[in-house]
Amino acid sequence: MSDTQETTSSPSLYEKLGGEAAVNAAVDIFYRKVLGDYRINRFFDNSDMEKQAAKQKAFLTMAFGGPNNYNGQDMRNAHAHLVKMGLNASHFDIVMEHLGATLTELNVPQELIAQAAAIAESTRNDVLGK
Amino acid sequence: MRSITIGESTFSCQPDETVLDTLLRENVKVSYGCRQGLCQACMMRSLDTPPPVSAQSGLKDTLQKQKYFLACVCHPEQDMTIALPNQQGSSVEAVVVKKQRLTPDIVHLVLEYQAPFEFFAGQFVNLKRTDGLIRSYSIANIPHHKNTLEFHIRRLPNGQFSSWVYDELELGAQLSVSEAQGSCHYLPGRAEQPLLLIGTGSGLAPLYGIIADALAQEHSGPIHLFHGSRDVNGLYMIDEMRELAGKFANVHYTSCLSGEESDSGHVRGRAHDVALSSIETLNGWRVFLCGHPEMVNQTKKMAFMKGASMADIYTDAFHVMQENK
Numbered sequence: 001m002s003d004t005q006e007t008t009s010s011p012s013l014y015e016k017l018g019g020e021a022a023v024n025a026a027v028d029i030f031y032r033k034v035l036g037d038y039r040i041n042r043f044f045d046n047s048d049m050e051k052q053a054a055k056q057k058a059f060l061t062m063a064f065g066g067p068n069n070y071n072g073q074d075m076r077n078a079h080a081h082l083v084k085m086g087l088n089a090s091h092f093d094i095v096m097e098h099l100g101a102t103l104t105e106l107n108v109p110q111e112l113i114a115q116a117a118a119i120a121e122s123t124r125n126d127v128l129g130k
Numbered sequence: 001m002r003s004i005t006i007g008e009s010t011f012s013c014q015p016d017e018t019v020l021d022t023l024l025r026e027n028v029k030v031s032y033g034c035r036q037g038l039c040q041a042c043m044m045r046s047l048d049t050p051p052p053v054s055a056q057s058g059l060k061d062t063l064q065k066q067k068y069f070l071a072c073v074c075h076p077e078q079d080m081t082i083a084l085p086n087q088q089g090s091s092v093e094a095v096v097v098k099k100q101r102l103t104p105d106i107v108h109l110v111l112e113y114q115a116p117f118e119f120f121a122g123q124f125v126n127l128k129r130t131d132g133l134i135r136s137y138s139i140a141n142i143p144h145h146k147n148t149l150e151f152h153i154r155r156l157p158n159g160q161f162s163s164w165v166y167d168e169l170e171l172g173a174q175l176s177v178s179e180a181q182g183s184c185h186y187l188p189g190r191a192e193q194p195l196l197l198i199g200t201g202s203g204l205a206p207l208y209g210i211i212a213d214a215l216a217q218e219h220s221g222p223i224h225l226f227h228g229s230r231d232v233n234g235l236y237m238i239d240e241m242r243e244l245a246g247k248f249a250n251v252h253y254t255s256c257l258s259g260e261e262s263d264s265g266h267v268r269g270r271a272h273d274v275a276l277s278s279i280e281t282l283n284g285w286r287v288f289l290c291g292h293p294e295m296v297n298q299t300k301k302m303a304f305m306k307g308a309s310m311a312d313i314y315t316d317a318f319h320v321m322q323e324n325k
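Those sequence lines, one after another, are chains A and B.
Residue 1 is where the first sequence starts when you use the UniProt record's numbering, and the numbers rise one by one after that.
Residue 1 is where the second sequence starts when you use the UniProt record's numbering, and the numbers rise one by one after that.
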C-alpha cells in the first residue's frame, strides 16, 4: 500500500469514509443484513461467525478503498465452493444492495457510496468465477 | 533489532519484518492467511511484553487483555517471548480441598493451588489425572487470597473423568491444572451495560464466576441470568442464585425447564428461547453463552440478529469428549 499512497493529494476514499472505525461500524450492520436475507444467507451461514465477520470486514475494507492485498485468484479460489452451491449474479446484486443500504444507514454521502460500490463491483467476475 | 523467543529457540526479527515474516523465514510452522491483520489465522500470544496495540486491532477485548496479537501485522517494539496457539504453558499442581454433591448429577469441586496462578472467572483449564487423563472444566470463582479454583462437574454417562471425580476422587488428592484459557470472561469498563447470561447444565459454572466478577468490579447495569435444563436435577444452586438476586437489585435470575415435567418456580421452555423472547432488543448488551454447543451456536446468531454487536458476544461451548467405551 505504501508505494501507491500519495501524501500531498486530497484525502482518499478510505479517509473520507472514516477509516477503520467506519469499517467497524459498518461490519455488524452489513453482516446482520446478509445473514437476515433468506435469498443469500446460506452462502454466509458458517458455524464460525467470528471468522465470517472477519471476512466481511476484509471485504468492506477493500470496498472502502482501504489497505488490502486484493488478489483476483485468491478471490476465485475462496468462492469456488459457493459457485458450486449455485452462487450467481443475482446473489452478487443482493450483496451490493446490502452494501449500499449499510452505508446509507450510516449517513454516508451518495457520491462516496457510489465510489465504494464501484470498487466492490470490480470483484464481480472473480467472485462468480467468470 | 528485536528478538523473538518461542520455547527454546530465539530468532532475530529484522527491521521491516513482522513476527510472521521472521517465523516463516526461520521455517517455524505457523498458520496464516490474509497477511493483513484481518483473517486472524496467525493469532498468537505474547508471554511477557504487551504486543503493539496495532497488532491487536480487531481482536476480542478479552483476547487483547490476554496479550494475543496478529503476527502478520506485528512489528515488535520490544523483545518478545511468544506462544503459538497450540502451545501449552506450564501447569500447576493443586489439591482437592472440597467435594460436595449439588444434585444427583453435579458435584462442586474445590482445588487449592500453591504456585502463582493467573485466571479470569469463566475461563477454563484442563485438569489432568496422574495417569494422564485430561478434561476441560470452567472456573466458577474469581481469584482471591484463598488460592482456590471451583468447578461444577457434571457426571456424564460413561464419562471416564467425571465418574472418577464423582466416585473415587478424595480430599487431599492431587491434580495437575493447565494454564487458564478461553475468552469468555468479564472485563471492567462499560459498567452500565446490560448483561445477558444464558447457560445450560453446568454452563452455570462460568456464568456464576462471570457474575461474581462483574459484581466485584461494581457492574451497575442490569444482569440477567437464565439457567436451563431438561429436568429439575440439572438445575442447581437455585437458592444461592435467588439469594444473589435478592441481595443485588440489578441481578435477575430465571430458571428454565425444557422437559415434560412442570415444577413451580421455574419457567417452562428452553433457556435461550425464554431469554430472547423476554428482551425486545439486544442493541448495546453484552452477552455470555455457555453450555450445550447447539444452544451456544444457535443463540449466538440469534443474539447478533437481535442487535448485539459481534464484539459483545462471548461464548463457551462445552464439547463432550467422545469416549470409546
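Where a beta carbon is used, it is the ideal one built from N, C-alpha and C, also for glycine.
Cutoff 6 angstroms; reference Leu109 (chain B); Cβ partners in own chain excluding five residues on either side: Position 109 of the second sequence, counting from 1, holds the residue named residue 109 (chain B). Leaving aside the five residues that flank Leu109 (chain B) on each side, the residues in its chain whose CB is nearer than 6 angstroms to its CB run, in chain order, Lys99, Phe151, Ile153.
Segment contact, 8 angstroms Cβ cut-off, at least three pairs: the segment 273-291 of chain B with the segment 299-308 of chain B: yes
Unbroken alpha helix (DSSP H) run spanning Arg230 (chain B), endpoints: Taking the second sequence and counting its residues from 1, one reaches residue 230 (chain B) at position 230. It is not in any alpha helix (DSSP H) - Arg230 (chain B) carries neither H nor E in the DSSP assignment.
Residue range of the unbroken beta strand (DSSP E) whose run includes Lys99 (chain B): Numbered from 1 along the second sequence, position 99 holds the residue referred to as residue 99 (chain B). For Lys99 (chain B), the enclosing beta strand (DSSP E) starts and ends at 92-101.
Closer than 8 angstroms to chain A by CB, Gln123 (chain B): The residue given as residue 123 (chain B) occupies position 123 in the second sequence. No - not a single Cβ of chain A is within 8 angstroms of the one on Gln123 (chain B).
One or two residues paired with Ser9 (chain B) in a DSSP bridge: Here the question's residue 9 (chain B) lines up with position 9 in the second sequence. Paired residues: B:Ile6.
Endpoints, the beta strand (DSSP E) within which Asn126 (chain B) is located: As a first step, residue 126 (chain B) must be located in the second sequence, where it is residue number 126. Element bounds for Asn126 (chain B): 124-128.
Close beta carbons around Ser2 (chain A), own chain, < 7 angstroms, minus the five adjacent residues each side: As a working mapping, residue 2 (chain A) is identified with position 2 in the first sequence. The pLDDT assigned to Ser2 (chain A) is 46, lower than 50, so where the model puts this residue is not dependable; a value taken from the coordinates is nonetheless given after this. No residues qualify anywhere along the chain.
Residues that Asn68 (chain A) contacts on chain B, provided the C-beta gap is smaller than 7 angstroms: For the purposes of this step, residue 68 (chain A) is taken as the residue at position 68 of the first sequence. Near Asn68 (chain A) (Cβ distances below 7 angstroms), the residues of chain B are Gln36.
C-beta contact flag for Lys33 (chain A) and Thr102 (chain A) at 8 angstroms: Position 33 of the first sequence, counted from the start, is the residue given in the question as residue 33 (chain A). Position 102 of the first sequence, counted from the start, is the residue given in the question as residue 102 (chain A). Yes, they are a contact pair.
is_contact[Gly7 (chain B), chain A] using C-beta, thresh 8 angstroms: On the second sequence, residue 7 (chain B) is found 7 positions in, with the first residue counted as 1. It does not; no Cβ of chain A falls within 8 angstroms.
Other residues of its chain near Asp312 (chain B): CB distance less than 7 angstroms, five sequence neighbours each side excluded: Your numbering for residue 312 (chain B) matches position 312 in the second sequence. For Asp312 (chain B), where only same-chain residues beyond five positions count, the Cβ hits under 7 angstroms are Trp285, Arg286, Val287.
Nearest residue (CA-CA) to Arg45 (chain B), options B:Gly228, B:Pro194, B:Phe318, B:Ile82: In the second sequence, counting from the first residue as 1, residue 45 (chain B) sits at position 45. When each option's Cα is compared against that of Arg45 (chain B), the closest is B:Ile82.
6 angstroms CB neighbourhood of Met1 (chain B) in its chain, flanking five on each side removed: Stepping through the second sequence from its first residue, residue 1 (chain B) is reached at position 1. Counting only Cβ-Cβ distances below 6 angstroms, and skipping sequence neighbours, we find Ser12.
Cβ-based contacts, 9 angstroms cut-off: residues of the segment 6-34 of chain A near chain B: Legend: CB atoms of the segment 6-34 of chain A lying less than 9 angstroms from CB atoms of chain B belong to residues Glu20, Asn24, Val27, Asp28, Tyr31, Arg32.
Tyr236 (chain B) versus B:Gly89, B:His266, B:Ala180, residue with shortest Cα-Cα distance: For the purposes of this step, residue 236 (chain B) is taken as the residue at position 236 of the second sequence. With distances taken between Cα atoms, Tyr236 (chain B) lies closest to B:His266.
Minimum Cβ-Cβ distance from Met75 (chain A) to chain B less than 8 angstroms: For the purposes of this step, residue 75 (chain A) is identified with residue 75 of the first sequence, where counting begins at 1. Not closer than 8 angstroms to any Cβ of chain B, the Cβ of Met75 (chain A) fails to qualify, so no.
7 angstroms Cβ shell around Ala216 (chain B) - same chain, five flanking residues per side excluded: By 1-based counting over the second sequence, the position of residue 216 (chain B) is 216. Once the five neighbours on either side are set aside, the close Cβ partners of Ala216 (chain B) are Ile142.
CB of Ser183 (chain B) within 8 angstroms of CB of Leu63 (chain B), strictly: For the purposes of this step, residue 183 (chain B) is taken as residue 183 along the second sequence, with counting starting at 1. For the purposes of this step, residue 63 (chain B) is taken as residue 63 along the second sequence, with counting starting at 1. Going by C-beta atoms, Ser183 (chain B) is nearer than 8 angstroms to Leu63 (chain B).
Where Met80 (chain B) sits in the DSSP three-state scheme: By 1-based counting over the second sequence, the position of residue 80 (chain B) is 80. Three-state result, Met80 (chain B): strand.
CB contact below 8 angstroms: Ser2 (chain A) versus chain B: The residue given as residue 2 (chain A) occupies position 2 in the first sequence. With a pLDDT of 46 at Ser2 (chain A), under the threshold of 50, the modelled position of that residue is not reliable, and the figure given next carries that caveat. No, Ser2 (chain A) does not count as interfacial toward chain B.
Rounded distance between the beta-carbons of Tyr186 (chain B) and Gly234 (chain B), thought under 8 angstroms: As a position in the second sequence, residue 234 (chain B) is number 234, starting the count at 1. As a position in the second sequence, residue 186 (chain B) is number 186, starting the count at 1. That pair is no contact at about 24 angstroms.
C-beta neighbour in chain B for Ala116 (chain A), strict 8 angstroms: Along the first sequence, one-based indexing puts residue 116 (chain A) at 116. For Ala116 (chain A), the answer is no, since every Cβ of chain B falls outside 8 angstroms of its Cβ.
Beta-carbon separation (whole angstroms), Ala245 (chain B) vs Glu218 (chain B), contact threshold 8 angstroms: Reading the second sequence from its first residue, position 245 is the one you call residue 245 (chain B). Reading the second sequence from its first residue, position 218 is the one you call residue 218 (chain B). That belief does not hold up - the Cβ atoms of Ala245 (chain B) and Glu218 (chain B) are roughly 17 angstroms apart, past 8 angstroms.
Nearest to Phe64 (chain A) (by Cα), restricted to the options A:Arg76, A:Ala114, A:Met49, A:Ile29: If you number the first sequence from 1, residue 64 (chain A) lands on position 64. The shortest C-alpha separation from Phe64 (chain A) is found at A:Ala114.
Proximal chain B residues relative to Lys57 (chain A), where beta-carbon distance stays under 8 angstroms: Position 57 of the first sequence, counting from 1, holds the residue named residue 57 (chain A). By Cβ distance, chain B contributes Leu38, Gly58.
Contacting residues, own chain, Cβ-Cβ under 8 angstroms from Glu29 (chain A) (five flanking each side not counted): Numbered from 1 along the first sequence, position 29 holds the residue referred to as residue 29 (chain A). Reading off the sequence, residue 29 (chain A) comes out as Ile, not Glu. Taken in chain order, the residues that qualify are Thr102, Glu105, Leu106.
The segment 269-290 of chain B: positions lying closer than 9 angstroms to chain A by Cβ: none
Sequence-distant residues of its chain with Cβ nearer than 6 angstroms to Tyr113 (chain B) (five each side left out): Translated into the one-based positions of the second sequence, residue 113 (chain B) becomes position 113. Cβ neighbours of Tyr113 (chain B) beyond the five flanking positions: Val92, Ala94, Asn147.
Inter-residue Cα distance where the pair is Lys325 (chain B) and Pro157 (chain B): By 1-based counting over the second sequence, the position of residue 325 (chain B) is 325. By 1-based counting over the second sequence, the position of residue 157 (chain B) is 157. At Lys325 (chain B), the pLDDT of 36 sits below 50, so the modelled position is not reliable and the matter cannot be decided from this model.
Own chain residues within Cβ distance below 7 angstroms of Val320 (chain B), not counting five before or after: Along the second sequence, one-based indexing puts residue 320 (chain B) at 320. If we look at Val320 (chain B) and ignore the five residues flanking it on each side, its Cβ neighbours are Leu156.
Range of the contiguous beta strand (DSSP E) that encloses Asp131 (chain B): The residue given as residue 131 (chain B) occupies position 131 in the second sequence. Looking at the DSSP string, Asp131 (chain B) is not in any beta strand (DSSP E), and its letter there is neither H nor E.
Same chain, Cβ closer than 7 angstroms to Glu261 (chain B), five either side skipped, listed in chain order: For the purposes of this step, residue 261 (chain B) is identified with residue 261 of the second sequence, where counting begins at 1. Excluding sequence neighbours, Glu261 (chain B) sits near Asp231, Val232.
Stretch-stretch touch, CB-based, cutoff 8 angstroms, three pairs: the segment 159-178 of chain B with the segment 240-254 of chain B: Between the segment 159-178 of chain B and the segment 240-254 of chain B, the count of Cβ pairs shorter than 8 angstroms is below three; the stretches do not touch.
Per-residue contacts from Ala54 (chain A) into chain B (C-beta, under 8 angstroms): The count along the first sequence starts at 1 and reaches residue 54 (chain A) at position 54. Leu38, Cys39, Gln40, Gly58, listed in chain order.
Three-way DSSP call (helix, strand, coil) for Glu20 (chain A) in this model: Taking the first residue of the first sequence as 1, we reach residue 20 (chain A) at position 20. Note: Glu20 (chain A) maps to helix in three-state DSSP.
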